[in-house]
Amino acid sequence: MADLGIAVRIKTQVAEVKPGAVQLQGGDVVPAQLCVGAAGAFPHGWLAQTDLPLVEGFIDVRPDLRVRGDDALFAVGDCAHMAHAPRPKAGVFAVRAAPVLKHNLTVALAGGAMRHFRPQKHYLKLISLGGKRALAEKYGLTLEGAALWQWKDRIDRAFMDRLDNLPAMTPQRLKGLVAQGETETQSPCARGAVRRSARVCWIRRLMCSGLQQERWSPPRAMMLPSCANLAVDFRCFRRIISEPLSPILL
Numbered sequence: 000m001a002d003l004g005i006a007v008r009i010k011t012q013v014a015e016v017k018p019g020a021v022q023l024q025g026g027d028v029v030p031a032q033l034c035v036g037a038a039g040a041f042p043h044g045w046l047a048q049t050d051l052p053l054v055e056g057f058i059d060v061r062p063d064l065r066v067r068g069d070d071a072l073f074a075v076g077d078c079a080h081m082a083h084a085p086r087p088k089a090g091v092f093a094v095r096a097a098p099v100l101k102h103n104l105t106v107a108l109a110g111g112a113m114r115h116f117r118p119q120k121h122y123l124k125l126i127s128l129g130g131k132r133a134l135a136e137k138y139g140l141t142l143e144g145a146a147l148w149q150w151k152d153r154i155d156r157a158f159m160d161r162l163d164n165l166p167a168m169t170p171q172r173l174k175g176l177v178a179q180g181e182t183e184t185q186s187p188c189a190r191g192a193v194r195r196s197a198r199v200c201w202i203r204r205l206m207c208s209g210l211q212q213e214r215w216s217p218p219r220a221m222m223l224p225s226c227a228n229l230a231v232d233f234r235c236f237r238r239i240i241s242e243p244l245s246p247i248l249l
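Going by numbering that gives the first Met the number 0, 128 is the number at position 129 of the sequence shown; the sequence numbering is gapless.
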């Protein structure tokens with residue numbers, strides 16, 4: 000860094016960042032046209048105003064990424080403190096936690112077993128040194144050179160390209176697990192749930208009334224309730240479907 004004309008000051012605190020300069024705690028003023036903060040992650044102040052469990056200002060989470068003491072709340076990324084596997088605040092851990100978070104959110108809504116997030120102990124660090132050269136570090140080993148900068152540049156550009164020219168989103172039929180086994184949209188799956196519930200109700204009426212000749216035909220179209228009532232209605236349908244048949248006229 001000295002070869003690049005960079006002066007390093009250790010055990011120095013910044014008192015104030017001014018237009019065109021940085022004033023240090025001891026009174027020294029360092030001229031600066033551009034100031035870049037690289038002090039690492041710090042917790043948001045508003046978290047301290049909540050009753051969430053905090054560790055040094057960060058939200059304490061369990062191995063399944065749920066907030067400790069609240070089964071309905073998840074926290075990931077820099078805001079979270081993983082007591083089971085403390086790690087530096089690095090983007091790689093947030094990215095690797097995403098699939099586990101997706102699985103556990105699905106399980107929280109539809110039932111199943113939670114997965115634990117087990118972050119890796121070592122991860123690759125690529126730091127640009129300027130002059131189209133970069134430094135790489137992993138397992139305590141370091142390398143430096145122009146080839147590493149080209150590698151970092153290719154990785155960074157590939158990531159940014161994924162955020163450009165996003166394809167238009169089109170409605171798709173939901174597949175796999177959904178909340179409590181039902182959907183909350185006016186999709187064919189949702190209409191099927193309504194028809195299936197109506198059929199179960201008809202079967203119960205048939206068993207109770209003894210009308211062996213009656214035939215059930217599903218309606219061609221059904222108006223679904225508003226979103227506000229849909230979840231409650233589906234819970235009712237789910238209960239009707241899951242309960243054993245009983246000799247009660249519905």
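Even for Gly, the Cβ is constructed at its ideal location relative to N, Cα and C.
The residue among Phe92, Gly39, Pro118, Val21 with its C-alpha nearest the C-alpha of Leu33 is Val21. Per the DSSP secondary-structure output, Val106 pairs with nothing in a beta bridge.
For Met168, the three-state secondary structure derived from DSSP is coil.
Rounded to whole angstroms, the gap between the alpha carbons of Val13 and Gly25 is 9 Å. Asn103 sits buried, since 16 or more C-beta atoms from the chains shown fall within 10 Å of its C-beta. Residues Leu64, Arg114, Phe116 of the same chain have their beta carbon placed closer than 7 Å to that of Val99, with the five preceding and five following residues left out of the count. Between His43 and Asp59, the C-beta gap is not smaller than 9 Å, which leaves the two residues out of contact.
Tyr122 is positioned such that its CB atom lies closer than 9 Å to that of Ala89. DSSP, read as helix, strand or coil, puts Val13 in strand. The three-state reading of DSSP puts Gly144 in strand, counting E and B together. Less than 9 Å separates the beta-carbon of Leu3 from that of Gly130.
No Cβ-Cβ contact shorter than 9 Å links Ala107 with Asp160. Of the other Cβ atoms in all chains shown, fewer than 16 fall within 10 Å of the Cβ of Phe158; this residue is therefore exposed.
In this structure, the alpha-carbon of Glu143 lies about 7 Å from that of Arg132. Taking the Cα of Ala84 as reference, the smallest distance to any Cα among Asp50, Val66, Lys120 is reached at Lys120.
Here Ala31 carries a coil assignment [DSSP, helix/strand/coil].
Contact check for Lys151 and Leu125: beta-carbon distance about 4 Å, within the 8 Å limit, so the pair qualifies. Within the model, the alpha-carbon separation for Leu46 versus Val94 is close to 22 Å. Around the beta-carbon of Phe57, 16 or more other beta-carbon atoms lie within 10 Å, marking it buried.
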